[in-house]
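S.K.:
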Amino acid sequence: KEYSNFQHTSSIATANASKAESTLQTVTQQLQKTETENRQLHQVINQLRSVRMASKGESVSLLVERGELRAQNTSQAAEIERLEKKLVTNASNTELITKLRADLSSAM
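FYI, in our numbering the residues of the sequence shown are 87 to 194.
Structural data, given as structure tokens:
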């Protein structure tokens with residue numbers, strides 16, 4: 087009878103060990119799947135970081151370009167103002183020359 091109890095206990099232990107082994111395999115597979123997913127997520131995160139850094143670089147570049155364009159615009163506005171003054175002076179000089187010619191013609 088003791089041997090029968092031993093066999094029964096042994097068979098229960100074997101069944102429990104088999105269940106434990108099966109559970110261990112399931113957990114191991116799930117862990118491997120999770121690790122793979124984590125690696126993929128880290129790759130996506132790194133790609134997103136790269137895109138964000140590139141985007142920041144483009145933003146800085148656009149800000150620099152905008153600053154340069156504003157400086158050009160200011161410079162061109164000053165040049166336009168200078169040329170407008172020169173145009174007024176030239177018109178005044180043309181008027182004076184026309185008057186002097188008329189005075190010379192009438193004097194002759």
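Positions of the beta carbon are idealized from the N, C-alpha and C atoms, including for glycine.
Expressed to the nearest angstrom, what Euclidean distance is found between the alpha-carbon atoms of residue 101 and residue 121?
M.R.: The sequence position of residue 101 within the sequence shown is 15, counting from 1. The sequence position of residue 121 within the sequence shown is 35, counting from 1. Using only the alpha carbons, I get a separation of about 30 Å.
S.K.: Residues in its own chain within less than 7 Å of residue 138 by CB, not counting five upstream and five downstream?
M.R.: Sequence index remark: in the sequence shown, residue 138 carries index 52 (1-based). The answer is none, since no qualifying residue turns up.
S.K.: Between residue 98 and residue 109, what straight-line distance do the alpha-carbon atoms span, to the nearest angstrom?
M.R.: For the purposes of this step, residue 98 is taken as the residue at position 12 of the sequence shown. For the purposes of this step, residue 109 is taken as the residue at position 23 of the sequence shown. Rounded to the nearest angstrom, the two C-alpha atoms are 16 Å apart.
S.K.: Between the C-alpha atoms of residue 169 and residue 156, what's the straight-line distance to the nearest angstrom?
M.R.: In the sequence shown, the residue the question calls residue 169 occupies position 83. In the sequence shown, the residue the question calls residue 156 occupies position 70. If I take the Cα positions, the gap works out to 20 Å.
S.K.: If you reduce the DSSP assignment to three classes, tell me which class residue 194 lands in.
M.R.: Translated into the one-based positions of the sequence shown, residue 194 becomes position 108. In this structure, residue 194 counts as coil in the three-state DSSP scheme.
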